[in-house]
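Enquirer:
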Amino acid sequence: MGFSTALKLADLNDFIAPSQACVVSLNSKKIEVSYVPSSFDQTKNVAVEKPVKVTLHDCLACSGCITSAETVMLEHQSIEEFLNRLSDSGKSVIVSLSPQSRASLAAYYGLSQLQVFRKLTGFLKSLGVKAVFDTSCSRDLSLIESCVEFVNRYKERQLPVVTSACPGWICYAEKTLDAEILPYISRVKSPQQAMGAVLKRHACYALGLRPEDVYHVTVMPCYDKKLEASRDDFIFAVENGASGLAEVDSVLTSGEILDLLQSRDIDFMSLEEQPLDKLLTNVDEQGHLYGVPGGSGGYAECVFKYAAKHLFGAEPDRVEFQVVRNADFREVKLEVDGEVRLKFALAYGFRNIQNLVRKIRLKKCEYQYVEIMACPSGCLNGGGQIKPKEGQSAKELIQNLESAYLQEVEMKDPFDNPIVKSLYDSWLGEPASLSSKRVLSTEYHHREKNVTSQLANW
Ligand code: SF4
Numbered sequence: 007m008g009f010s011t012a013l014k015l016a017d018l019n020d021f022i023a024p025s026q027a028c029v030v031s032l033n034s035k036k037i038e039v040s041y042v043p044s045s046f047d048q049t050k051n052v053a054v055e056k057p058v059k060v061t062l063h064d065c066l067a068c069s070g071c072i073t074s075a076e077t078v079m080l081e082h083q084s085i086e087e088f089l090n091r092l093s094d095s096g097k098s099v100i101v102s103l104s105p106q107s108r109a110s111l112a113a114y115y116g117l118s119q120l121q122v123f124r125k126l127t128g129f130l131k132s133l134g135v136k137a138v139f140d141t142s143c144s145r146d147l148s149l150i151e152s153c154v155e156f157v158n159r160y161k162e163r164q165l166p167v168v169t170s171a172c173p174g175w176i177c178y179a180e181k182t183l184d185a186e187i188l189p190y191i192s193r194v195k196s197p198q199q200a201m202g203a204v205l206k207r208h209a210c211y212a213l214g215l216r217p218e219d220v221y222h223v224t225v226m227p228c229y230d231k232k233l234e235a236s237r238d239d240f241i242f243a244v245e246n247g248a249s250g251l252a253e254v255d256s257v258l259t260s261g262e263i264l265d266l267l268q269s270r271d272i273d274f275m276s277l278e279e280q281p282l283d284k285l286l287t288n289v290d291e292q293g294h295l296y297g298v299p300g301g302s303g304g305y306a307e308c309v310f311k312y313a314a315k316h317l318f319g320a321e322p323d324r325v326e327f328q329v330v331r332n333a334d335f336r337e338v339k340l341e342v343d344g345e346v347r348l349k350f351a352l353a354y355g356f357r358n359i360q361n362l363v364r365k366i367r368l369k370k371c372e373y374q375y376v377e378i379m380a381c382p383s384g385c386l387n388g389g390g391q392i393k394p395k396e397g398q399s400a401k402e403l404i405q406n407l408e409s410a411y412l413q414e415v416e417m418k419d420p421f422d423n424p425i426v427k428s429l430y431d432s433w434l435g436e437p438a439s440l441s442s443k444r445v446l447s448t449e450y451h452h453r454e455k456n457v458t459s460q461l462a463n464w
């Protein structure tokens with residue numbers, strides 16, 4: 007009996023005989039499925055029981071079970087739990103909204119992203135949320151760290167660098183790829199985790215809150231972000247203070263926010279637009295949203311521009327990615343004096359990721375930097391986004407989301423973001439310095455395929 011690499015927790019039912027015990031237990035942030043297959047000990051001529059445990063560490067974030075009801079862990083990151091926390095007087099609930107979720111709701115309601123952001127802020131505050139922020143802001147921090155990290159690794163010849171913001175990809179890399187692939191992954195935290203780190207380690211004090219009194223919820227385009235928030239690497243302690251704090255306590259998807267609105271019969275169109283919280287939100291004095299282009303974070307484009315300038319003194323007017331083998335595998339080159347000096351790629355979807363990983367393994371990767379995203383078409387197409395309306399194809403919806411995002415958000419270099427500049431000046435120090443890395447970088451871990459190896463002995 008073999009397990010495919012894309013193990014789904016849900017598939018376990020296929021392997022459990024009716025006579026074997028199966029227990030699903032839920033501890034604070036952990037799902038544990040244990041079952042006791044019987045086997046035969048020939049030396050003693052008796053049947054023995056071998057408990058097999060499946061934990062979150064065995065999940066590959068393949069979305070197969072994550073989108074189904076049996077993902078018990080997700081009860082802890084649900085609308086119900088969110089509402090419970092709002093009625094807990096000891097906690098202040100803070101929500102960070104992703105630009106992809108904002109765009110998804112805007113397309114659904116036929117509103118601008120700014121209108122959605124303002125209306126949602128008003129609605130969430132009417133429920134008792136203390137502040138609503140924007141992960142475009144923390145994404146700028148992730149981008150700046152990524153730019154400097156790349157230039158340093160280029161100089162040290164530790165290439166290629168592949169991005170780390172997609173938990174679906176990280177999960178796959180840690181659980182199914184050789185340990186030697188992991189060093190190629192950027193150490194920079196995703197925008198979600200960067201927001202959590204900044205909010206709970208620093209910005210909450212500006213709101214008069216202690217980190218332990220904050221319940222931080224993000225709104226994201228995929229369920230895999232819930233797994234990311236649950237990683238042990240993102241649990242921290244405050245100096246001389248509370249420990250065991252999560253940077254992000256709960257993740258809700260764009261679709262779950264729509265469910266919440268609909269379950270309460272909210273007429274979203276007639277909700278009043280409320281002022282935005284500016285502490286960690288990319289909105290300028292005129293009320294315009296700003297950020298980088300790219301529905302998946304704009305990593306490759308941003309790092310390409312920075313590297314062209316800081317390594318070769320070049321300032322390309324436009325960064326245009328050319329399709330290589332399909333729309334989800336594109337590349338861009340920088341030529342200086344007729345010689346290709348930089349070659350970056352975008353690789354979205356597992357088929358393209360697998361091709362790329364093969365090249366890295368064989369040491370034949372011609373790219374110095376690759377923006378990897380597990381979902382075909384990237385994050386605007388995440389599994390937690392609002393589904394297309396009747397008669398609308400998924401492709402049409404993504405095109406709408408991409409063009410709306412580009413039209414409505416004023417493009418601004420992350421290095422020019424005044425909030426981010428002030429965070430570096432007053433607290434983080436230089437980008438990619440020891441002090442900023444303490445807050446904004448993470449580690450990856452090669453994980454043994456526990457379940458696979460144990461089940462192979464059945
Ligand atoms: S590519 Fe998909 S799985 Fe990865 S972060 Fe984006 S929405 Fe989530």
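The sequence shown runs 7 to 464 under our numbering. Idealized CB from N, CA, C, for every residue including glycine.
If you follow the alpha helix (DSSP H) that residue 90 is part of, which residue opens it and which one closes it?
Expert: Position 84 of the sequence shown, counted from the first residue, corresponds to residue 90. Run containing residue 90: 85–92, per the alpha helix (DSSP H) assignment.
Enquirer: Over what stretch of residues does the beta strand (DSSP E) that includes residue 348 continue unbroken?
Expert: The residue given as residue 348 occupies position 342 in the sequence shown. Element bounds for residue 348: 345–354.
Enquirer: Which of the three DSSP states, helix, strand or coil, is assigned to residue 260?
Expert: Residue numbering aside, residue 260 sits at position 254 when the sequence shown is read from its first letter. Note: residue 260 maps to helix in three-state DSSP.
Enquirer: With DSSP as the reference, label residue 174 as helix, strand or coil.
Expert: For this step, residue 174 is matched to residue 168 along the sequence shown. It is helical.
Enquirer: Please report the straight-line C-alpha distance between residue 186 and residue 383, rounded to a whole angstrom.
Expert: The residue labelled residue 186 in the question sits at position 180 within the sequence shown. The residue labelled residue 383 in the question sits at position 377 within the sequence shown. Roughly 27 Å separates the two Cα atoms.
Enquirer: Return the bridge partner residues of residue 220 from the DSSP annotation.
Expert: Position 214 of the sequence shown, counting from 1, holds the residue named residue 220. According to DSSP, residue 220 bridges with 98.
Enquirer: At a cut-off of 7 Å, is residue 261 close to the ligand SF4 when judged by its beta-carbon and the heavy atoms of the ligand?
Expert: Sequence index remark: in the sequence shown, residue 261 carries index 255 (1-based). No; taking the cut-off as 7 Å, the Cβ of residue 261 has no heavy atom of the ligand SF4 nearer than that.
Enquirer: Tell me, please, which residues DSSP counts as bridged to residue 126.
Expert: Residue mapping note: residue 126 aligns to position 120 of the sequence shown, counting from 1. Bridge partners of residue 126: none, in fact.
Enquirer: Could you give the DSSP three-state label for residue 406: helix, strand or coil?
Expert: Counting from one through the sequence shown, the residue named residue 406 turns up at place 400. Residue state, collapsed to three classes: helix.
Enquirer: Report back the beta-carbon spacing between residue 209 and residue 286 to the nearest angstrom; my notes put them in contact at under 8 Å.
Expert: As a position in the sequence shown, residue 209 is number 203, starting the count at 1. As a position in the sequence shown, residue 286 is number 280, starting the count at 1. That belief holds up - the Cβ atoms of residue 209 and residue 286 are roughly 6 Å apart, short of 8 Å.
Enquirer: The beta strand (DSSP E) spanning residue 310 covers which residue range?
Expert: To locate residue 310, count along the sequence shown from 1; it is residue 304. Note, residue 310: premise wrong, no beta strand (DSSP E); alpha helix (DSSP H) at 305–318.
Enquirer: Counting pairs of Cβ atoms below 8 Å between the segment 152–161 and the segment 433–446, do you hit three or more?
Expert: Enough Cβ pairs lie closer than 8 Å, so yes.
Enquirer: Kindly indicate which three-state DSSP category residue 445 falls into: helix, strand or coil?
Expert: Locating residue 445 in the sequence shown gives position 439, counting from the first residue. The answer is helix: DSSP assigns residue 445 an H, G or I state.
Enquirer: How many whole angstroms separate the CB atoms of residue 450 and residue 188, which I take to be in contact at a CB cut-off of 8 Å?
Expert: Translated into the one-based positions of the sequence shown, residue 450 becomes position 444. Translated into the one-based positions of the sequence shown, residue 188 becomes position 182. Right, their Cβ atoms sit about 5 Å apart.
Enquirer: Hey, would you say the C-beta of residue 302 is under 7 Å away from at least one heavy atom of the ligand SF4?
Expert: Counting from one through the sequence shown, the residue named residue 302 turns up at place 296. Yes, the beta carbon of residue 302 sits closer than 7 Å to at least one heavy atom of the ligand SF4.
Enquirer: Among 280, 240, 432, which residue has its Cα nearest to the Cα of residue 128?
Expert: Counted from its first residue, the sequence shown places residue 128 at position 122. The residue with the shortest Cα to Cα distance from residue 128 is 280.
Enquirer: Determine the DSSP secondary structure at residue 340, reduced to helix, strand or coil.
Expert: As a position in the sequence shown, residue 340 is number 334, starting the count at 1. In the structure shown, residue 340 sits in a strand (DSSP, three-state: E or B).
Enquirer: Kindly give me the distance between the Cβ atoms of residue 242 and residue 199, rounded to whole angstroms, as I take these residues to be in contact under 8 Å.
Expert: For the purposes of this step, residue 242 is taken as residue 236 along the sequence shown, with counting starting at 1. For the purposes of this step, residue 199 is taken as residue 193 along the sequence shown, with counting starting at 1. The pair is not a contact, with the Cβ atoms about 11 Å apart (cut-off 8 Å).
Enquirer: Who are residue 140's beta bridge partners in DSSP?
Expert: The residue given as residue 140 occupies position 134 in the sequence shown. DSSP lists 103 as partners of residue 140.
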